[in-house]
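Asker: The sequence shown begins at 1 in the numbering used here and counts up one residue at a time.
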Amino acid sequence: MLRKTVGLHELYASDPERADWQLLGRRSNSLSRRGFLSGASRVAAVLGSEVVFSQYMPAGMIPAALADSVIANALRLRVVNLEEAG
């Protein structure tokens, strides 16, 4: 069985709202321009801390902690490995 590895930026470039759902378990509110974070505990687990004001985070936004200092690989469109960029 072949497993496709997709980079974080590639996943968000193709469909940011779908990537949010697959990686962080959050869905945007279709009635509002800004997305609401329904699974703050999942994001906190990924980042290793609480996400302050997470309910106001726009849909499709990659948290800075993941975008700049971490390379995330999605295995079967789920995060399985986090390594520091080096």
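Beta carbons are placed, not taken as given, at the ideal position from N, Cα and C, and that holds for glycine. All figures in this text were calculated on a predicted structure; none of them were measured in a lab.
Could you spell out the range, first to last residue, of the beta strand (DSSP E) harbouring Gly25?
Answerer: Locating residue 25 in the sequence shown gives position 25, where the first residue counts as 1. Gly25 -> no beta strand (DSSP E), and no H or E assigned at all.
Asker: Straight-line CA distance for Gly7 to Asp20?
Answerer: By 1-based counting over the sequence shown, the position of residue 7 is 7. By 1-based counting over the sequence shown, the position of residue 20 is 20. One C-alpha to the other measures close to 14 Å.
Asker: Please report the residue range of the alpha helix (DSSP H) in which Leu11 lies.
Answerer: In the sequence shown, the residue the question calls residue 11 occupies position 11. Where Leu11 is concerned, the enclosing alpha helix (DSSP H) stretches over 8-14.
Asker: Given a threshold of 16 other Cβ atoms within 10 Å of its Cβ, counted over all protein chains shown, does Tyr56 qualify as buried or as exposed?
Answerer: Position 56 of the sequence shown, counted from the first residue, corresponds to residue 56. The residue is exposed, with fewer than 16 neighbouring Cβ atoms inside 10 Å.
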